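Beneath this line is the structure, given in structure tokens, with notes to follow.
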Amino acid sequence: MEQSKIDRINELYRKSKAEGLTEAEKKEQALLRKQFVADVKKNLTAQLNNIDIQK
Numbered sequence: 151m152e153q154s155k156i157d158r159i160n161e162l163y164r165k166s167k168a169e170g171l172t173e174a175e176k177k178e179q180a181l182l183r184k185q186f187v188a189d190v191k192k193n194l195t196a197q198l199n200n201i202d203i204q205k
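Each residue of the sequence shown is one higher than the one before, starting from 151 at the first, in our numbering.
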């Protein structure tokens, strides 16, 4: 995920705590979080697939 999207997630989080979000911002935040979680899962799966167990 691009750093700009991660920064936007953090910005929306801080704004939600300070003053609240509009409906459009809530939808944007949910979409960005969903993309972030999908990317983390994809990266974790790739790492686990590259592990070789040696005896």
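Backbone N, C-alpha and C define an ideal beta-carbon position, used for all residues, glycine too.
Fair warning: this is a prediction, and the values are worked out from it, not measured in the lab.
Are the Cβ atoms of Arg158 and Glu178 separated by less than 9 Å? Start at 1 with the first residue of the sequence shown, and residue 158 comes out as number 8. Start at 1 with the first residue of the sequence shown, and residue 178 comes out as number 28. Yes, the Cβ-Cβ distance between Arg158 and Glu178 is below 9 Å.
If Met151 and Asp189 are in contact, beta carbons under 8 Å, what's the gap, nearest whole angstrom? Locating residue 151 in the sequence shown gives position 1, counting from the first residue. Locating residue 189 in the sequence shown gives position 39, counting from the first residue. Yes, Met151 and Asp189 are in contact; Cβ-Cβ is about 5 Å, under 8 Å.
Indicate whether Leu162 and Leu182 have their beta-carbon atoms separated by less than 9 Å. Counted from its first residue, the sequence shown places residue 162 at position 12. Counted from its first residue, the sequence shown places residue 182 at position 32. A contact, by the Cβ cut-off of 9 Å.
With DSSP as the reference, label Glu178 as helix, strand or coil. For the purposes of this step, residue 178 is taken as the residue at position 28 of the sequence shown. Three-state DSSP puts Glu178 in a helix.
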